[in-house]
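According to numbering that gives the first Met the number 0, the residues represented by the sequence shown are 0 to 484, in order.
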Amino acid sequence: MQPRLGFCHGVLGRHQYTPALARAPGRAITTHRGSVAEGVAVVPAGVRDDVMSRSSNGSSGLLWYTCRYTMPPAVFISYASADEDQARVIRDDLESDGIECWMGSRDIRASEDYVTTIPPVIAAAKLLLVVISGSALVSPHVFGEVHLATDDKKPILPVRIEPIAAIEGKLKFPLAGRQWVDATPRLAPALPTIRAEVRRLLTAEGLNIKPVRPTSFQRTLASAFAWAVVAWFTALVTLAMQAHWMNLVPWFGVPRAAAGRVAPLLLLVTPLVLALGTQYYLHRRLQAVLSLDAVFAISPRAALVRTLVALAGTGVLVWAIVQSPPTIQINRRAGPSSAPPGDGLVAVRGCSTTLYEQSATQYVVALRVGRFNPPGQYTLRVELRYTDPDSVNFCEVWASERLGIRPGEDAVDPQWDDTLRPIRVRFIKIERPEGAFVGSTHVRFTLIHPRRSPPMQAVGVSAVIESVGYAMRSETSAITSEDWK
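Right, dumping it as structure tokens:
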């Protein structure tokens, strides 16, 4: 079966044509296969034989024809030269939705004649869309194209891009009584209406083109998914900021704590700004920015790329959260009390071990305070918990030099809390402005027991850092007899 020679429109491509009769009217040309004339092919309306170029396939004499188009245009766009930019916007919007258009500035090649090229194209098109402006009303080319469409009984869709009260001049008669699409004062908001009207008229002409753009339901799902992704990234950024910069603030308090600081605030709104920026870049319409439907729904390839970027960003943020060091922890370090403490520590309290047993373990409270925690007075409290009849107390104490504690200062003198009997609590409390704690600080100490035997029951050591109503506590395992000399 011989293939039917169709109208050519679209991407440049090379096709082999065999003799066949096309339904559309046009001028006949003779094609050859080898050296034998096989018949007559009719070039459809809008394509002349000189539009197609022939090339020989070697010694066999097989002829090939290169054609610029693969299907007839659905819409012929008529416009004045001064309105070419607006016409191009309409063309690009329609073609992005699968509606093929013909536009002279793009589809007529150099050296081709408008007078002989345009009439057959209008005859083959299903619809003429005319861009109405002051320039179009006095353009002889626009009038001629509208006149040809009227003679061929083609539907005509006027699109007004300038505030013209009524159509006057030569276009008044052919466009009389036709309802136009008002695209003033801005063209972009009227593009959906233009697409809808073009589809309605094409359907009436028997041409149903499958939409390329997502449906309203698909856009709604894409919008919901995009906002969920933005919320997800905002939550991850919030947790990452809390872990590194605001570790003494609960996660729900991070936005409030970030409000007065430039760097945290900018980082917090980064996911939303990136999403809105991407949406505007893809749509170029402020009215569509908040929908975010384009962030993951423009094209499968672009959506895949953005999805991979989102997954990579999620991995980086989760890694940053997991790898953040703890706010406060208590470590044990073996060694005699006379060993140099190191770590920039200074001795702030000593004790006599004449009648006491001193622990063979040094306990280190490691504290990390982020730089963007709320300002105010901070309190570090280290506690010992034991039960009667035992008695345990602090012995030697070292603290980071940056805390500014002087030896013998009341801040490191043990205090009592017997309100929880039979559980007894001894604690030391260090109060300083937040600047003294920002970064990493350490408090190291040993314990003493007043009797010549270790405590009968387990002793617990804990530490808590408090700031502006928030507290972070760290518990350690019970102290056993192995921790004593």
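For glycine and all other residues, C-beta sits at the position ideal for the given N, C-alpha and C. Please read all numbers here as calculations on a predicted model, not as lab measurements.
Residue i versus the options, residue with shortest Cα-Cα distance
i, options, result
"TRP397", "LEU265, SER132, PRO388 and GLY407", "GLY407"
"LEU344", "LEU289, ALA333, SER323 and ARG405", "ARG405"
"ASP151", "VAL130, ILE163 and ALA124", "ALA124"
"SER473", "ALA435, VAL467 and LEU379", "LEU379"
"ALA195", "ASP292, ARG105, PRO210 and ARG185", "PRO210"
"VAL347", "LEU366, ARG332, ASP106 and VAL442", "VAL442"
"THR277", "GLY259, TRP226, ILE429 and TRP244", "TRP226"
"SER358", "VAL145, LEU446 and GLN322", "LEU446"
"GLN376", "LEU273, TYR280, SER466 and ILE478", "SER466"
"PRO454", "ALA470, ALA435, THR386 and GLY438", "THR386"
"GLN322", "ALA274, ALA239, SER95 and VAL308", "ALA239"
"SER480", "THR360, ILE429 and VAL411", "THR360"
"ARG105", "SER95, ASP91 and THR115", "ASP91"
"THR192", "VAL158, SER138 and VAL460", "VAL158"
Nearest-angstrom Cα separation, counted from residue j out to residue i
i, j, result
"GLU111", "ILE117", "10 angstroms"
"ASP482", "THR418", "27 angstroms"
"ILE160", "ALA81", "12 angstroms"
"GLY369", "ASN246", "6 angstroms"
"LEU265", "THR233", "12 angstroms"
"GLN241", "PRO324", "12 angstroms"
"TRP318", "ASN207", "51 angstroms"
"GLY133", "ASP84", "15 angstroms"
"ARG332", "VAL363", "7 angstroms"
"GLU382", "ILE427", "7 angstroms"
"ALA462", "ASN372", "19 angstroms"
"HIS448", "GLY252", "42 angstroms"
"LYS153", "PRO173", "11 angstroms"
"ALA287", "PRO184", "17 angstroms"
"VAL39", "VAL120", "Any reading at VAL39 needs caution, since the residue's pLDDT is 32, under 50, leaving its predicted position unreliable; the model's value is listed next. Cα to Cα, the separation comes out at about 22 angstroms."
"ARG108", "ALA258", "59 angstroms"
"CYS7", "GLY314", "Confidence is the limiting factor: at CYS7 the pLDDT is only 35, short of 50, which leaves the residue's position unreliable, though a coordinate-based value still follows. Looking at the two C-alpha atoms, the distance is approximately 49 angstroms."
"ALA221", "HIS243", "33 angstroms"
"GLN414", "GLN456", "21 angstroms"
"GLY9", "ARG305", "Residue placement at GLY9 is flagged as unreliable, the pLDDT there being 29, under the threshold of 50; the coordinate-derived value follows with that caveat. If I take the Cα positions, the gap works out to 29 angstroms."
"TYR280", "GLU433", "43 angstroms"
"ASP181", "ALA189", "7 angstroms"
"LEU128", "GLY312", "46 angstroms"
"ILE464", "ALA302", "46 angstroms"
"TRP250", "TYR469", "12 angstroms"
"TRP179", "ILE166", "10 angstroms"
"PHE224", "VAL308", "15 angstroms"
"LEU93", "CYS100", "8 angstroms"
"PHE142", "PRO71", "23 angstroms"
"ASN330", "ARG260", "34 angstroms"
"ALA410", "ARG431", "10 angstroms"
Own chain, CB closer than 7 angstroms to residue i, minus 5 neighbours either side, in chain order
i, result
"ALA86", "ILE76, TYR78, MET102 and VAL130"
"PRO270", "VAL229, PHE232, THR233 and VAL236"
"LEU186", "GLN85, VAL88 and ILE160"
"THR440", "LEU366, SER399, ARG401 and LEU402"
"VAL437", "VAL368 and ARG370"
"ALA148", "ILE121, LEU127 and ILE155"
Residue i, enclosing beta strand (DSSP E) - first and last residue
i, result
"MET471", "469-474"
"SER439", "438-448"
"ILE429", "422-432"
"PRO157", "155-159"
"ASP416", "414-416"
Paired residues, beta bridge with residue i - DSSP
i, result
"GLY459", "ARG384"
"ALA346", "TRP397"
"GLY176", "According to DSSP, which records beta bridges pairwise, GLY176 is partnered with nothing at all."
"SER466", "TYR377 and TYR469"
"ALA333", "THR360"
"SER77", "VAL129"
"ILE320", "Answer is none; ILE320 lacks a bridge partner."
"VAL368", "VAL437 and GLY438"
"ILE478", "VAL458"
"GLN328", "ALA365"
"ASP181", "ARG159"
Element boundaries [alpha helix (DSSP H), containing residue i]
i, result
"TRP226", "215-243"
"ASP389", "Looking at the DSSP string, ASP389 is not in any alpha helix (DSSP H), and its letter there is neither H nor E."
"ASP92", "83-94"
"PHE251", "No alpha helix (DSSP H) holds PHE251; DSSP gives it neither H nor E."
"GLU196", "190-203"
"THR149", "139-150"
"ALA123", "113-123"
Residues of its chain near residue i, where Cβ-Cβ distance is below 8 angstroms and the 5 sequence neighbours each way are ignored
i, result
"LEU126", "ALA73, VAL74, PHE75, LYS153, PRO154, ILE155, LEU156, VAL197, LEU200, LEU201 and GLU204"
"LEU354", "PRO449"
"CYS458", "Residue identity check: residue 458 is Val in the sequence provided, not Cys. Counting only Cβ-Cβ distances below 8 angstroms, and skipping sequence neighbours, we find LEU383, ARG384, TYR385, ASP389, VAL391, LEU446, ALA477 and ILE478."
Beta-carbon proximity list for residue i, same chain, < 6 angstroms, skipping 5 on both sides
i, result
"ARG22", "Low per-residue confidence applies at ARG22: pLDDT is 30, beneath 50, and the placement is therefore not dependable enough to give any value."
"PRO421", "THR386 and ASP387"
Contact with chain D by residue i, beta-carbon distance below 9 angstroms
i, result
"ALA258", "The question asks about chain D, but that chain is absent: this structure has only one protein chain."
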